[in-house]
Amino acid sequence: MNRIITTTTDTLEGWEINEYFPPVSSNVVVGTNIFSDITASLTDFFGGRSGTYEKKLQQLYSQAISAIESKAKAVSANAIVRLKVDIDEVSGKNSQMFMITAYGTTIKVARLKPNVPES
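Position 92 (the sequence shown) corresponds to 91 in numbering that gives the first Met the number 0; numbering is contiguous.
Okay, here's the thing in structure tokens:
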């Protein structure tokens, strides 16, 4: 299995957990710029969704998940359970940034054999 199975649940149905590894985490922070801030301000004023910020947050999410999956592979895990993702805004001194933290428990799993009916 080359890909890392990533889930928010405690277990994986149809899989047996063979080994637990240390938890992994990743923090990804990006600053907004003046133009996206202006666009978001107009969206706030007139109502609606901010596609600019949504796209930025989706990119951060993907980067954070990719980072913890790489860390899982580094310890020979093939799955991450109990995935949690936190999104925060960090502001101060005329700047605004978004931070996404992703974390979970790394494990090694093996697929269980399906029940075969007796003949």
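We put the CB at the ideal spot given by N, CA and C, even for glycine.
It should be emphasised that the depicted structure is a prediction, and the values quoted were computed from it without experimental measurement.
Contact set for residue i: own chain, Cβ-Cβ below 6 Å, skip 5 residues either direction
| i | result |
| --- | --- |
| Glu68 | Ile3 |
| Ala63 | Ser25, Val27, Ile99, Ala101 |
| Tyr19 | Ile106 |
| Glu53 | none |
| Asn17 | Lys107, Ala109 |
| Asp87 | Met98 |
Residue i, DSSP secondary structure in three states
| i | result |
| --- | --- |
| Leu59 | helix |
Proximal residues to residue i (C-beta, below 7 Å), its chain only, five neighbours per side dropped
| i | result |
| --- | --- |
| Asp9 | Val80, Arg81 |
| Thr6 | Val80, Leu82 |
| Val29 | Lys55, Leu59, Met96, Phe97 |
Per DSSP, cross-strand counterpart(s) of residue i
| i | result |
| --- | --- |
| Ile79 | Thr5, Thr105 |
| Ile99 | Val27, Ile86 |
| Ile16 | Val108 |
| Ser69 | According to DSSP, which records beta bridges pairwise, Ser69 is partnered with nothing at all. |
| Pro22 | Thr104 |
Proximity of residue i and residue j at Cβ, strictly below 8 Å
| i | j | result |
| --- | --- | --- |
| Val23 | Gly103 | yes |
| Ala109 | Glu15 | yes |
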